[in-house]
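Numbering (my numbering), first residue to last: 12 to 293.
Everything on this sheet refers to the single structure shown next.
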């Protein structure tokens with residue numbers, strides 16, 4: 012193999028300019044590429060998704076500090092949503108910070124359950140909060156009815172005790188691939204309908220739909236058919252909730268920031284604490 016060392020030896024008797032020129036020519040002959048393409052980031056592992064995982068980059072509101080909501084605390088009630096990313100949650104601290112309700116990620120697809128679910132779901136209840144569970148939908152893996160069954164069977168049920176909120180279908184950008192999970196708009200609407208119908212038949216309550224307006228428009232064609240039956244939890248990190256998806260004239264809950272004061276994403280229930288408990292009762 013021809014080396015830089017041997018080249019310098021051959022040219023030892025030459026003048027410095029000649030050696031420099033020879034070395035430059037040798038390096039050029041090696042055809043070293045100017046730069047290698049950057050490797051694509053690895054997709055996150057299945058099960059790692061959480062509520063609002065893609066909202067900052069897809070639905071406006073920016074990536075910096077979010078402005079506080081314009082509605083006052085007198086008319087809206089503070090809440091929080093958590094997942095395995097938060098681990099063991101300090102519920103007394105959140106309660107003392109006037110957080111009155113909480114949603115915990117229960118399941119994803121038909122392959123994942125939150126290992127911290129018991130501490131998060133029961134811990135919020137034990138300090139006095141109204142609590143509920145949410146399911147992160149993956150419409151590309153199994154059908155809507157199958158995922159509703161998995162959710163209910165792993166903590167997503169509902170009871171009329173005034174302290175348990177109806178389950179949530181978290182339907183948003185796919186963190187593992189195609190934004191709309193490879194489905195057509197009509198196919199996505201059918202998948203959502205199958206989930207909602209099965210959840211209602213299993214629990215007696217209509218599930219809440221958590222989504223962002225731009226995803227809903229992109230992946231369902233701004234379908235208006237669920238607004239009359241299913242409460243809306245809108246995701247938008249800004250000082251207002253902005254334009255809502257078709258079919259809803261108001262939201263029930265609003266995820267307004269992903270930079271919670273203590274832990275998790277922070278949310279507002281669109282009503283007083285008494286109205287929150289009425290909503291839980293059904």
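All residues carry an ideal CB built from backbone N, CA and C; glycine is no exception.
Since the structure is predicted, the reported quantities are computational estimates derived from the model, not experimental observations.
Exercise. Taking Cβ positions, are residue 119 and residue 60 nearer each other than 9 Å?
Worked result: Locating residue 119 in the chain shown gives position 108, counting from the first residue. Locating residue 60 in the chain shown gives position 49, counting from the first residue. Contact flag set, yes.
For this session: Leaving aside the five residues before and after residue 126 along the sequence, list all residues of the same chain whose C-beta is less than 7 Å from its C-beta, in chain order.
Result: As a first step, residue 126 must be located in the chain shown, where it is residue number 115. Contacts found: 95.
Problem set entry | Cβ neighbours of residue 161 in the same chain (closer than 7 Å, five flanking residues each side left out) | Locating residue 161 in the chain shown gives position 150, counting from the first residue. If we look at residue 161 and ignore the five residues flanking it on each side, its Cβ neighbours are 118, 121.
For this session: Drop a sphere of 10 angstroms on the beta-carbon of residue 148, count the other beta-carbons inside from all chains shown, and report buried for 16 or more, exposed for fewer.
Result: For the purposes of this step, residue 148 is identified with residue 137 of the chain shown, where counting begins at 1. Under this definition residue 148 is a buried residue.
Exercise. Which residues share a DSSP beta bridge with residue 214?
Worked result: Stepping through the chain shown from its first residue, residue 214 is reached at position 203. According to DSSP, which records beta bridges pairwise, residue 214 is partnered with nothing at all.
Exercise. Nearest to residue 226 by CA position, among 54, 90, 57, 65, is which residue?
Worked result: Position 215 of the chain shown, counting from 1, holds the residue named residue 226. Answer by Cα proximity: 65.
Exercise. So is residue 100 in contact with chain C if we call contact Cβ pairs under 9 Å?
Worked result: Absent from the structure: chain C. Only one protein chain is present.
Exercise. To which residues of the same chain is residue 177 closer than 7 Å at the C-beta, ignoring the five residues directly before and after it?
Worked result: As a working note, residue 177 is residue 166 in the chain shown. Only 143, 169, 216, 217, 218, 219 meet the Cβ criterion.
Exercise. Among all the DSSP beta bridges, which residues are the ones paired with residue 90?
Worked result: Counting from 1 along the chain shown, the entry for residue 90 is found at position 79. 112, 278, per the DSSP bridge assignment.
Exercise. Taking the Cβ atom as the reference point for each residue, do residue 181 and residue 146 lie within a distance shorter than 9 Å?
Worked result: If you number the chain shown from 1, residue 181 lands on position 170. If you number the chain shown from 1, residue 146 lands on position 135. Contact flag set, yes.
Problem set entry | Bridge partner(s) assigned by DSSP for residue 119 | Numbered from 1 along the chain shown, position 108 holds the residue referred to as residue 119. Its beta-bridge partners are 123, 147.
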